[in-house]
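In what follows, a structure is listed as structure tokens, so that the remarks can point back to it.
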Amino acid sequence: DIRLPDLKMALGIFMACFPVYRVYIEKLPAEINDEQLIVHAFVDAAKRHPEYNYHFGILRQLFEPDADPVRNQNRLLFAQRLMQFTGPLAAKGIEDTTFYQYNALISHNEVGDQPCVLGIPVRQFHEKMQERLIKNSLSFNCTSTHDTKRGEDNRIRINILSELAPEWATLVAGWQVMNEPYRKSTGELPAPVINDEYFLYQAITGGFPEDLRVTGSFVERTKKYFIKVLRESKLMSDHVNPDLAYEKACTDFIDHLLNPSHSYLPSLLPFVEKIIRYANTYTMVQVVIKCTAPGIPDIYQGCELWDLSYVDPDNRRPVDYRLRRELLHGLKVKEKDSMEEMHQWAKENYAVGAQKLLVTTKLLQLRKKYKQLFLQGEYIPVYSEGSDRIAIAYLRHFEETWILMVLPVGIVADRKKDLQLILPEQAPADWKDIFTGITHQGTQLDIKSLLAKFPVSVLINQ
């Protein structure tokens, strides 16, 4: 005797326990990899809700082939239709709900990310890249898409809060006291509640304009974004039955925060200015890894310059292609004069992202010239003498061509120690930096010298 509501509940639990978005089942029995994922979901569901074990057993049979062709086809159709629900369920449950509730570090609340993993050692990064070259060498390297929760440079800024945690904690504690009078009572709890307030402090830090100027457009974008945040989290409001009074109290709170005559903004600006200096270097590090590590770089429209957007529809605003053409033309003209002129011009146009455009342009030209190296070339980790917490360095090698990437990490810390990169014996000893034109010799290279003229270094053997 099976009650249909119990069977539906068991089915819902199974779908919630599915470890990936979906699998593509073309026949029964399913392919071995798909079968393992199906088994994983049933085992996990049974552990979480053993009271439905009998119902799980019935559902499990529907993923097995049947001797009757008609029954077999119906089972296959059931499995295929079910997979149309597991993906949306995961997206709504995790990305569009949990990721707006769990606000420890919202840069990790990202499509494809895991908030439980805050970071990995450099050596593990190299191991992942070597594995990627073997298994997924033609996969896209994406840092922003139409569906990311925030722009790639917005995300990097928030990441840096983990490197400035004591200062950040002190600021937030002060802001909570400072802004307490501007909360409004819309029921049993003040608006915004602490969780929403902390989300907002991170969001403003990540999306703050690069030129440090608060415009009416930025205020309105932030308010519209935060209304979506509240509805997606489904705690204090939602899309079906929005709590308009709570949302209005939160948008009024944003008006207060971004009002220059109030005390919050003056206390935020020096910190944001510091964050920006670090973040823009890390942005260029990210662009280099995206374009030179195993995989195919996918540069989302608009990300040629700083991308500080919020979630959609904010990240789908029209792109100013005329500005990008003008900046690209400026880089080309200045480079003809000299590398120094180009860098000076890029520095002068720092606020709009000319340095990021410079790095992106140079790397795409390099990929075009050495296509096979980036598609098939070896990935060789390079370590510094005494510490691997100062730089990420690696070689790409194909036939006679060698390209060396040297990228700073831990830049917030005071790095006084001079460290040498130890190149493998077979590596060449004559190098030229594609960004600065400076040449370097030797199989031991000083990291500070490599990064003295520009925040990142990509060298090719001469």
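The numbering used here puts the sequence shown at residues 26 to 487.
Here a beta-carbon is modelled for each residue, glycine too, at the ideal position from N, C-alpha and C.
Computed from a predicted structure; not experimentally measured.
The beta carbons of residue 309 and residue 381 sit closer together than 8 Å. When secondary structure is reduced to three states using DSSP, residue 222 falls in the helix class. Residue 275 is classed as buried because its beta carbon has at least 16 other beta carbons within 10 Å across all chains shown. Note on residue 291: under 16 other CB atoms within 10 angstroms of its CB, so exposed under the neighbour-count rule.
Around the beta carbon of residue 266, fewer than 16 other beta carbons lie within 10 angstroms, which makes this residue exposed. Along the stretch 151-203, the alpha helix (DSSP H) occurs as fully enclosed runs of 4 or more residues at 177-185, listed in sequence order. The C-beta distance from residue 38 to residue 74 rounds to 5 Å, short enough to fall under 8 Å. A direct Cα-Cα distance of roughly 39 Å separates residue 409 from residue 119. In the three-state DSSP reduction, residue 370 falls in the helix class (H, G or I). In the three-state scheme derived from DSSP, where H, G and I count as helix and E and B as strand, residue 261 is classed as coil. Assignment of beta-bridge partners to residue 455 by DSSP yields 466.
Beta-bridge pairing by DSSP links residue 421 to 404, 428.
If you draw a straight line from the Cα of residue 438 to the Cα of residue 187, it is about 12 Å long. Rounded to the nearest whole angstrom, the C-alpha separation of residue 422 and residue 448 is 13 Å.
In this model, residue 316 and residue 464 are separated by some 22 Å (Cα to Cα). For the stretch 282-336, the continuous alpha helix (DSSP H) assignments of 4+ residues that do not extend past its boundaries occur at 289-317, in sequence order.
A distance below 8 Å separates the beta carbons of residue 378 and residue 331.
A distance of 8 Å or more separates the beta carbons of residue 394 and residue 443.
The shortest C-alpha to C-alpha distance from residue 432 to any of 403, 402, 396, 484 is the one to 484. Just measuring C-alpha positions, the residue of 94, 51, 110 sitting nearest residue 36 is 110. Just so you know, the alpha carbons of residue 162 and residue 325 end up roughly 20 Å apart. Per the C-alpha coordinates, the member of 82, 34, 406, 250 positioned closest to residue 452 is 406. By the beta-carbon neighbour count (other beta carbons within 10 angstroms, threshold 16), residue 56 is exposed. Non-local beta-carbon contacts of residue 466 in its own chain, meaning distances under 7 Å to residues more than five positions away in sequence, involve 454, 455 in chain order.
In this structure, the straight-line span from the alpha carbon of residue 462 to that of residue 313 is close to 17 Å. Rounded to whole angstroms, the separation of the alpha carbons of residue 66 and residue 124 is 22 Å.
By the C-beta criterion, the stretch 193-211 is judged to be in contact with the stretch 278-291, since at least 3 inter-stretch pairs fall below 8 Å. Shown here, residue 280 sits in a helix according to DSSP, grouped into three states. In the three-state scheme derived from DSSP, where H, G and I count as helix and E and B as strand, residue 445 is classed as strand.
Annotated three-state conformation of residue 387 is helix, per DSSP. DSSP, read as helix, strand or coil, puts residue 134 in coil. Each residue's CA atom was taken as its position, placing residue 195 and residue 369 some 36 Å apart. Assignment of beta-bridge partners to residue 339 by DSSP yields no partner. Annotation for residue 119: no beta strand (DSSP E) segment contains it, and DSSP assigns it neither H nor E. Residue 137 and residue 362 have their C-alpha atoms some 44 Å from each other.
Short of 6 Å from the beta carbon of residue 69, and not among the five residues preceding or following it, lie these beta carbons of its own chain, in chain order: 42.
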